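Report on the structure given below.
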Amino acid sequence: MQKLPLKIGLLGLGTVGSGVVKILQDNQESISIKVGRGVEVVKALVRNPDLPRAVNCDSFTLTTDARDIIDDPEIDIVVEVMGSIEPARSYIIESLKSGKNVVTANKDLLALHGRELLDAAKEAGKDLLFEASVAGGIPIVAALKHSLAGNQIKQLAGIINGTTNYILTAMADQGRDYADVLKEAQDLGYAEADPSSDVDGLDAARKLAILASIAFGSRVTIHDVFTEGISKISKVDLAYARELDCSVKLLALAQEDEERIEVRVHPAFIPNSHPLSSVKGVFNAVYVVGDAVGETMFYGRGAGSLPTGSAVVSDLMQVAHNLETYANGSLNCTCYRQLEIKPVSEFKSAYYVRLNVKDEPRVLASLAHMFAEAGISFASIIQKPKPGQEAEIVLVTHPCQEGQLQQAVEYLKVYSKVLDICNIIRVEGGQSWSGRD
Ligand SMILES: NC(=O)c1ccc[n+]([C@@H]2O[C@H](COP(=O)([O-])OP(=O)(O)OC[C@H]3O[C@@H](n4cnc5c(N)ncnc54)[C@H](OP(=O)(O)O)[C@@H]3O)[C@@H](O)[C@H]2O)c1
Numbered sequence: 001m002q003k004l005p006l007k008i009g010l011l012g013l014g015t016v017g018s019g020v021v022k023i024l025q026d027n028q029e030s031i032s033i034k035v036g037r038g039v040e041v042v043k044a045l046v047r048n049p050d051l052p053r054a055v056n057c058d059s060f061t062l063t064t065d066a067r068d069i070i071d072d073p074e075i076d077i078v079v080e081v082m083g084s085i086e087p088a089r090s091y092i093i094e095s096l097k098s099g100k101n102v103v104t105a106n107k108d109l110l111a112l113h114g115r116e117l118l119d120a121a122k123e124a125g126k127d128l129l130f131e132a133s134v135a136g137g138i139p140i141v142a143a144l145k146h147s148l149a150g151n152q153i154k155q156l157a158g159i160i161n162g163t164t165n166y167i168l169t170a171m172a173d174q175g176r177d178y179a180d181v182l183k184e185a186q187d188l189g190y191a192e193a194d195p196s197s198d199v200d201g202l203d204a205a206r207k208l209a210i211l212a213s214i215a216f217g218s219r220v221t222i223h224d225v226f227t228e229g230i231s232k233i234s235k236v237d238l239a240y241a242r243e244l245d246c247s248v249k250l251l252a253l254a255q256e257d258e259e260r261i262e263v264r265v266h267p268a269f270i271p272n273s274h275p276l277s278s279v280k281g282v283f284n285a286v287y288v289v290g291d292a293v294g295e296t297m298f299y300g301r302g303a304g305s306l307p308t309g310s311a312v313v314s315d316l317m318q319v320a321h322n323l324e325t326y327a328n329g330s331l332n333c334t335c336y337r338q339l340e341i342k343p344v345s346e347f348k349s350a351y352y353v354r355l356n357v358k359d360e361p362r363v364l365a366s367l368a369h370m371f372a373e374a375g376i377s378f379a380s381i382i383q384k385p386k387p388g389q390e391a392e393i394v395l396v397t398h399p400c401q402e403g404q405l406q407q408a409v410e411y412l413k414v415y416s417k418v419l420d421i422c423n424i425i426r427v428e429g430g431q432s433w434s435g436r437d
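This is the structure:
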């Protein structure tokens with residue numbers, strides 16, 4: 001007997017919602033064969049039903065009342081692609097309570113209320129899937145939950161914000177200033193009118209909180225993630241990066257060390273020999289090291305209507321499979337322990353330190369002495385003359401603890417020959433950079 005099609009209610013029909021509709025329309029036949037039944041959108045919640053839509057809406061109803069979807073007994077799966085915290089949070093919880101499986105793309109919500117939502121899904125015995133919430137079209141959530149599940153994850157390092165990667169790539173390739181490229185990114189629609197969530201690293205921090213929770217089986221929230229943005233990176237730093245055979249990226253890094261998790265988002269010099277350095281423009285990548293599998297890297301488009309829609313549709317199909325096998329609610333929360341978060345002062349990195357100093361004898365020796373006092377040695381030194389008896393010095397340290405670096409900075413601040421501490425940027429990429437750990 002032919003099975004009835006699965007009925008989908010969309011909460012939101014913007015960029016991602018439209019992508020979902022288009023994929024379900026364009027690939028209708030292959031999707032229904034793979035799922036074993038048709039999959040059709042029956043209702044979509046919007047704010048303004050009179051707005052023009054990117055997709056043909058003739059086959060479903062637009063509504064401005066969420067209850068039309070949440071309370072509709074015919075709807076099997078609710079797809080939350082409206083964004084923000086409220087009312088999305090309440091709608092997801094109510095949908096689960098009313099017996100629906102839920103798919104969401106909402107990283108803001110998950111990074112803040114993931115535990116509450118996953119608990120609600122567990123209580124309801126329903127799926128809450130969220131592949132699209134991290135790195136758009138890259139299937140990294142499923143990879144961590146399923147394909148790499150047999151590994152102890154050692155490290156996860158990602159370029160998971162396309163806007164900042166676009167800006168840093170254009171600055172590096174074209175020798176342009178940050179403000180100039182940011183304006184271009186806004187004109188092209190790659191950056192919001194208020195770009196702070198992207199350029200301050202918050203968007204990447206939300207995604208990292210979600211990924212780290214899955215990778216290390218321990219709940220991490222946005223509040224645990226040390227976060228620094230890219231606005232202090234100048235084209236001078238990018239020119240030095242090139243000279244040092246590195247690229248500058250907004251790196252999202254999570255690793256487990258002695259039963260503690262280190263989670264941080266900040267700009268970093270990455271050696272050009274590291275696979276993440278080749279990720280350019282709006283592309284994203286997540287590099288994962290597992291104890292059994294070794295190094296892996298997942299690469300693709302981190303945003304956009306169809307790439308993100310692709311992730312939502314794959315979750316829809318997983319829910320359909322679970323419905324078929326009575327397995328809904330079986331793999332929602334993968335956290336099985338609660339590890340401590342490592343304090344910032346114990347983070348270990350190499351550092352790029354750019355200084356303006358007086359061009360006088362013994363200055364370099366004094367700098368070396370100050371860093372040595374803090375227990376830090378140099379991997380590389382570049383000195384360039386500047387007009388007016390000044391010099392620009394770039395020091396690249398061997399790996400040291402953040403606390404040691406801060407101690408060295410205190411010495412620099414009171415040394416009269418240092419005119420300006422222009423920038424300090426972490427150098428990541430491990431052995432391939434310094435040859436030491
Ligand atoms: N865009 C991406 O590339 C991308 C990538 C990954 C994840 N995400 C996530 O996906 C989600 C959706 O993003 P988006 O870019 O598709 O957003 P969007 O283009 O702004 O679309 C939001 C949709 O939700 C509707 N909506 C919002 N608030 C509503 C409310 N209170 N009541 C009724 N309808 C409401 C809007 O209605 P109107 O159309 O009538 O205004 C619109 O259709 C967000 O959580 C975002 O973080 C987006």
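Numbering follows our numbering, in which position 49 of the sequence shown is assigned residue number 49; successive positions increment by one, without gaps.
For glycine and all other residues, C-beta sits at the position ideal for the given N, C-alpha and C.
Model, not experiment: these values are computed from the prediction.
Pick from the options that is closest to residue i, judged by C-alpha positions
| i | options | result |
| --- | --- | --- |
| S196 | S231, V103, A172, S278 | S231 |
| L128 | L250, D76, G36 | D76 |
| S366 | E258, A350, Y411 | Y411 |
| K145 | V102, Q318, F347, A193 | Q318 |
| Q174 | L156, P49, A239, A368 | A239 |
| A320 | L11, V102, C57, Q25 | V102 |
| S84 | D108, D198, V78 | D108 |
| E428 | E346, V293, Y352 | Y352 |
Unbroken beta strand (DSSP E) run spanning residue i, endpoints
| i | result |
| --- | --- |
| M82 | Careful: M82 lies outside any beta strand (DSSP E) and carries neither H nor E. |
| V289 | 283-290 |
| R260 | 260-271 |
| K154 | 153-159 |
| P385 | 378-386 |
| K122 | Segment 107-124 is the alpha helix (DSSP H) holding K122; no beta strand (DSSP E) there. |
| L306 | No beta strand (DSSP E) contains L306, which is instead part of the alpha helix (DSSP H) from 305-324. |
| K280 | Premise fails: K280 is in no beta strand (DSSP E) and is neither H nor E. |
| I421 | 418-427 |
| D173 | From DSSP, D173 is part of no beta strand (DSSP E) but of the alpha helix (DSSP H) over 162-174. |
| V396 | 390-397 |
8 Å CB neighbourhood of residue i in its chain, flanking five on each side removed
| i | result |
| --- | --- |
| K154 | Q255, E256, V289, G290, D291 |
| K417 | V357, K358, E360, V363, S366 |
Short Cβ contact (9 Å threshold) for residue i with residue j
| i | j | result |
| --- | --- | --- |
| E131 | R89 | no |
| L112 | I160 | no |
| I214 | T334 | yes |
| L208 | G158 | yes |
| G14 | I70 | no |
| S234 | Y178 | yes |
| S133 | T104 | yes |
| G375 | Q404 | yes |
| L45 | A66 | yes |
| L251 | P267 | yes |
| I31 | V313 | yes |
| Q28 | G38 | yes |
Three-state class that DSSP yields for residue i in the structure shown
| i | result |
| --- | --- |
| S59 | coil |
| G217 | coil |
| K97 | helix |
| V16 | helix |
| L6 | strand |
| F298 | strand |
| F226 | strand |
| S526 | Lying before the first or after the last residue shown, residue 526 is absent from the chain, which here runs from 1 to 437. |
| I233 | coil |
| S434 | Bear in mind that the predicted position of S434 carries a pLDDT of just 37, short of 50, making it unreliable; the figure below should be weighed with that in mind. Here S434 sits in helix by DSSP. |
| D257 | strand |
| V46 | coil |
| R89 | helix |
| V357 | strand |
| E74 | coil |
Close Cβ partners of residue i (< 7 Å) along its chain, the five nearest in sequence each way excluded
| i | result |
| --- | --- |
| L419 | N356, V357, K358, E390 |
| I261 | A212, F216, S218, V220, A254, L339, I341, K342 |
| S310 | I23, G137 |
| S147 | none |
| C422 | R354, L355, N356 |
| A285 | G158, I159, L276, V279, M297, F298, Y299 |
| L118 | L128, N332, C333 |
Close Cβ partners of residue i (< 6 Å) along its chain, the five nearest in sequence each way excluded
| i | result |
| --- | --- |
| V55 | S18, V21, K22 |
| S377 | H398 |
| A205 | I222, V225, T227, V265 |
| T296 | V288 |
| Q344 | Residue identity check: residue 344 is Val in the sequence provided, not Gln. Cβ within range, chain order: F226, E402. |
| G114 | none |
Contact with chain C by residue i, beta-carbon distance below 9 Å
| i | result |
| --- | --- |
| E410 | Absent here is chain C; the protein component of the structure consists of one chain. |
First and last residue of the uninterrupted alpha helix (DSSP H) at residue i
| i | result |
| --- | --- |
| L331 | First-last for L331: undefined, no H or E at that position. |
| E131 | That residue, E131, is in no alpha helix (DSSP H); it is neither H nor E in DSSP. |
| R67 | 67-70 |
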